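In the UniProt record's numbering, the protein residues as written are 1 to 97.
Each residue gets a CB set at the ideal place from its N, CA and C atoms; glycine is no exception.
Computed from a predicted model, the values in this text were never measured in an experiment.
To keep things clear, I will list the structure first and then write my remarks on it.
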């Protein structure tokens, strides 16, 4: 899985192209009450946005601030992990000059 509950994420692919680039908050795993159409795969999350996002199926189109999205369509936004200053088996000392 790319995302975890509570993550901020960017929509990187979507059936409705206007959703690409939107920032969303990842909620809980989707309960599967409705069939989700699209090109994604894997787990499905409930996502929450500050602006309306477009969802559609073969019969209907709607705009909401929350709805389902495939995990594969999202990229989490997280701080970069700090790079280690250690070299395996050796200590690095910093000398101020």
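Buried or exposed: residue 79, going by 16 or more other Cβ atoms within 10 Å of its Cβ?
-> Under this definition residue 79 is an exposed residue.
If you run the structure through DSSP and keep just helix, strand and coil, what is residue 13?
-> coil
Proximity winner among 77, 81, 76 and 71, relative to residue 29 (alpha-carbon distances) | 71
With C-beta atoms as the reference, is residue 53 less than 9 Å away from residue 25?
-> no
Three-state secondary structure (DSSP) of residue 18 = helix
Relative to the alpha-carbon of residue 57, which residue among 51, 50, 68 and 49 has its alpha-carbon at the smallest distance?
-> 68
Cutoff 8 Å; reference residue 66; Cβ partners in own chain excluding five residues on either side | 27, 46, 47, 48 and 49
When the Cα of residue 41 is compared with those of 15, 7 and 73, which residue comes out closest?
-> 73
Kindly identify the DSSP beta-bridge partner or partners of residue 61.
-> 56
By Cβ distance below 8 Å, which residues in the same chain neighbour residue 97 in space, the five residues on each side in sequence not counted?
-> Any reading at residue 97 needs caution, since the residue's pLDDT is 49, under 50, leaving its predicted position unreliable; the model's value is listed next. Nothing listed; no residue qualifies.
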